[in-house]
Each structure stands twice: as C-alpha cells, then as structure tokens.
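Reading through the structure tokens given below for one structure.
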Amino acid sequence: METIETSIIPMPRIGDKAPEFKAVTTQGPINFPADYSGKWVILFSHPADFTPVCTSEFMTFASLESKFEDANCSLVGLSVDGLYSHIAWLRTIREKIEYKGMKDVEVKFPLIEDITMEVAKKYGMIQPGESSTKAVRAVFFVDPKGIIRAIIYYPLSLGRNFDELYRALVAMQTADAFSIATPADWQPGDDVIVPTAGSCGVAKERMESVDEMHCYDWFFCTKKLDKETVLKTVLKN
Ligand code: BEZ
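Right, here's the structure in full:
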C-alpha cells in the first residue's frame, strides 16, 4: 500500500479552481466551495486541537471574524481531528481560556473534521517533511468565483499573523476593484501601483494626464488611492 510519504499529492496552485469537497464541521455539513459562491473564503488548517499555538490562533481569528465578514470573507478551519475533539476544544476555549485580553471567545466559523485526511491531502496540507500525521498551518484565499487567489504555508511552530491575512484580503479586493497592484507593506491609504505589471508603457503615456501619478522610473508608477475609497469598496462587497 502506498504511504503518504511516497504518494504524489498534487498541490493546488494560485489560479486553480478550489478543489471541491463535502465534509462535516462544527457548524454542520459543508459543500466547499459551492456554499461560499459570491463570497471570499479563507480555508485554513491547523495541526491539532488542544495545542497552544493553535489555541492562540483560534482565539485571535475568532475575535476578528466579524471584521473579515464585513469584508465579505468567511472563515473555515480544518484539522485532522474528529468532530468531538473539535467541539470539546472549542468549548474549553470559550469556558476556560483567557489570553491577551480575549475571553469567552466563541468560535462561530465552521471547523472541519478530517480524520481521513481526505481534504488535507487534496489541499496539500499534509507535508511529510514537517509531519505526516498533522496538517501544517495552510491558508487558502478563495475568491467569490471559487478560484484560489493566494496560498500561505507556515510550519507547526509558527503562529500566523492575522492582521497580515486581513491586509492580503483587502489588497486583493482592492486590486480587483481598481485594476491596480499593491506595493510592499501596502495598507489602505498608501499609494498603489498603476497599471499592473506588463503594461507599464501605458502608465508612462498616462503619466501627464493623471495628476496624482508619480513615476519612479518608466516601469514603476504609483498613484494615490485614499483610504476611504478603499474601505468603502471593500466593506460594501
Ligand atoms: C501548537 O499548536 O502548539 C502545536 C501543534 C502541533 C505541533 C507543534 C505545536
């Protein structure tokens, strides 16, 4: 029989349709990504229930859930633990854990049980060099059309930065809405790059006509895009 270590597991890539699956979650059955059509969704995995890094992550993500929902983005968690473990862990978090000012934290987003690892394998979340029995910390951003738009993987020991996940979501939504790109460390209100890579000649031609455009060189032009406009666009999605 083939083991996980020797089988070839295709990894989903940016631009692919999100692999489909049906599963059981703490919020009932899920049909992914069909249930999220018209919305962004972040599908993320964690290695194991009742572990410290994962607990800190779940408390943080749950505390930010309404902020992501306001930006038209749902959250879906996954680990290879079973449903009763998930339920017991989330109850422990709500009833017992106070961490960095967060307490009574209720995780309302679905947490998928994946004891067969079927979903985790489909999404390349089992990375045997790190662990063949636990999912790594994977983050898949899936857009309203069910296309994977960004993927981030972290090792077991490294807790994620959820402000960065929100920043990436808002940046991708802004890029879609305004046909721009976003520079390093971009935050709403910062200048954006125009036009997107590959058509910089157009930027130079338009340089004279767009007041707020600033060109550092022929291939690198930015323009202003105020924070209010960005947030109005993202938050009305
Ligand atoms: C944690 O969440 O603390 C953790 C889980 C699996 C391996 C290492 C750390």
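Under the working numbering, the residue at position 85 of the sequence shown is numbered 85, and the numbers go up by one with no gaps.
From the three backbone atoms N, C-alpha and C, an ideal C-beta is built for every residue, glycine too.
Proximity test, residue i beta-carbon vs the ligand BEZ heavy atom, cut-off 7 Å
i: Leu-90; result: no
i: Ile-138; result: According to the sequence shown, residue 138 is Ala rather than Ile. Result no, Cβ not under 7 Å from the ligand BEZ.
i: Ala-48; result: yes
i: Ser-157; result: yes
i: Lys-134; result: yes
i: Thr-229; result: no
i: Val-107; result: no
i: Val-24; result: no
i: Pro-188; result: no
i: Val-53; result: yes
Identified DSSP bridge partners for residue i
i: His-214; result: Thr-222
i: Lys-108; result: Answer is none; Lys-108 lacks a bridge partner.
i: Ala-181; result: Ile-193
i: Phe-68; result: Answer is none; Phe-68 lacks a bridge partner.
i: Trp-40; result: Cys-73
i: Arg-137; result: Tyr-154
i: Ala-23; result: Ile-30
Residue closest to residue i, alpha-carbon to alpha-carbon, out of the options
i: Lys-108; options: Ile-126, Val-136, Phe-141 and Ser-74; result: Ser-74
i: Gly-189; options: Gly-159, Asp-163, Glu-57 and Leu-231; result: Leu-231
i: Val-136; options: Lys-96, Gly-77 and Val-170; result: Gly-77
i: Ser-63; options: Asn-72, Arg-94 and Ser-45; result: Arg-94
i: Ser-157; options: Ser-66, Thr-51, Met-213 and Asp-226; result: Thr-51
i: Phe-61; options: Pro-29, Phe-220 and Gly-159; result: Gly-159
i: Glu-228; options: Ile-147, Thr-174 and Pro-183; result: Thr-174
i: Ala-138; options: Gly-124, Asp-185 and Ile-148; result: Gly-124
i: Ile-14; options: Asp-185, Thr-116, Ala-150 and Phe-220; result: Ala-150
query = Counting Cβ pairs closer than 8 Å, one from the stretch 172-184 and one from the stretch 75-88, do we hit at least three?
reply = With the cut-off at 8 Å, the stretch 172-184 and the stretch 75-88 do not touch.
key: Segment contact flag, the stretch 142-158 with the stretch 20-37, C-beta cutoff 8 Å, min 3 pairs   = Taking a cut-off of 8 Å on C-beta distances, the stretch 142-158 touches the stretch 20-37, as three or more cross pairs fall below it.
message = Would you call the stretch 19-34 in contact with the stretch 54-63, where contact means no fewer than 3 C-beta pairs closer than 8 Å?
response = The stretch 19-34 vs the stretch 54-63: no contact.
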